[in-house]
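Engineer:
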Amino acid sequence: AQSVTQLDSQVPVFEEAPVELRCNYSSSVSVYLFWYVQYPNQGLQLLLKYLSGSTLVKGINGFEAEFNKSQTSFHLRKPSVHISDTAEYFCAVQGGKLIFGQGTELSVKP
Amino acid sequence: DTGVSQNPRHKITKRGQNVTFRCDPISEHNRLYWYRQTLGQGPEFLTYFQNEAQLEKSRLLSDRFSAERPKGSFSTLEIQRTEQGDSAMYLCASSSRQNNYGYTFGSGTRLTVV
């Protein structure tokens, strides 16, 4: 069985500062890994995904994530955040169906 | 490609009533998924279809819940005898082999049971 743990429920950060949202996963088989963003009262939008190959994955809106197999982590990073990045972020693992973490609320302050 | 469409966007119902939600997936996607999301939580898997066949159901899907996907196109999720605990956002997603089964989500249906 797969599971996902997002280590921070809330991350407050000032505009233009760097940010890292942490995600650890558990799986006994090879998996695909994803980050999704959810704006208020909206569905989920795919930010980026790791299927295979390069462990550094670049996504939309300037986000990137690094797959670390030895640490079973898939942390999301952005070097400089904007107010518009304020949203809920979900890490997910897919070994069959998609399993989500509990989410991290990113709050960007001016 | 108009994306995944869910209707209605919002539904308020009285406890004990039945409700039905509809999901129209991307037309060439053969897999369709239903998730439930409560406030402050990540989406939880409910069930999925490959074409018209319902291949997996979560234990979260009590006998008051039923999902169908006639002819492998749109899907409906019905909740009978709604309870306050059913209040949540119900998300639908679709995928296909052509995009490595990457999920495309709809905007969801928010259910409030009063």
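First to last, the sequence lines map onto chains X and W.
The opening residue of the first sequence carries number 11 in my numbering; numbering runs sequentially from there.
The opening residue of the second sequence carries number 1033 in my numbering; numbering runs sequentially from there.
For glycine and all other residues, C-beta sits at the position ideal for the given N, C-alpha and C.
Note that the structure is predicted; figures quoted are calculated from it, not measured.
1. May I ask you to list, following chain order, the residues of the region 28 to 62 of chain X that have a beta carbon less than 9 Å from some beta carbon of chain W?
2. Please classify E98 of chain X as buried or exposed, where buried requires at least 16 other C-beta atoms within 10 Å of its C-beta.
3. What is the C-beta distance between V67 of chain X and K59 of chain X, in whole angstroms, given that I count them as a contact (C-beta under 8 Å)?
4. Rounded to whole angstroms, what is the Cα-Cα separation between T980 of chain W and L1123 of chain W?
5. Mind checking which residues open and close the beta strand (DSSP E) that includes L1071 of chain W?
6. At least one CB of chain X closer than 8 Å to the CB of L1064 of chain W: is that the case?
7. For a cutoff of 8 Å on Cβ pairs, would you count F77 of chain X as touching chain W?
8. Counting along the chain, where does the beta strand (DSSP E) carrying K59 of chain X start and finish?
9. Let me confirm a value: D95 of chain X is counted as buried when at least 16 other C-beta atoms fall within 10 Å, else exposed. Which label applies?
10. May I ask you to report which of helix, strand or coil DSSP gives S1127 of chain W?
Structural biologist: If we stick to the structure as given:
1. For the region 28 to 62 of chain X, the residues whose beta carbon sits under 9 Å from a beta carbon of chain W are, in order, Y42, F44, Y46, Q48, N51, Q52, G53, L54, Q55, L56, K59, L61.
2. Here residue 98 of chain X refers to the residue found at position 88 of the first sequence. Buried, since its Cβ has 16 or more Cβ neighbours within 10 Å.
3. Translated into positions along the first sequence, residue 67 of chain X becomes position 57. Translated into positions along the first sequence, residue 59 of chain X becomes position 49. The Cβ separation is near 7 Å, so the contact holds.
4. One cannot answer for residue 980 of chain W here, as it falls past the ends of chain W, which runs 1033 to 1146.
5. What you label residue 1071 of chain W is simply residue 39 of the second sequence in a count that begins at 1. The continuous stretches of beta strand (DSSP E) do not include L1071 of chain W, and DSSP gives it neither H nor E.
6. Numbered from its first residue, the second sequence carries residue 1064 of chain W at position 32. L1064 of chain W does not count as touching chain X.
7. As a first step, residue 77 of chain X must be located in the first sequence, where it is residue number 67. Closer than 8 Å: no.
8. Numbered from 1 along the first sequence, position 49 holds the residue referred to as residue 59 of chain X. Per DSSP, K59 of chain X belongs to the beta strand (DSSP E) from 54 to 60.
9. Within the first sequence, residue 95 of chain X is the residue found at index 85, counting from 1. Burial of D95 of chain X is indicated by the presence of at least 16 other C-beta atoms within 10 angstroms of its C-beta.
10. Locating residue 1127 of chain W in the second sequence gives position 95, where the first residue counts as 1. The DSSP-derived three-state label of S1127 of chain W is strand.
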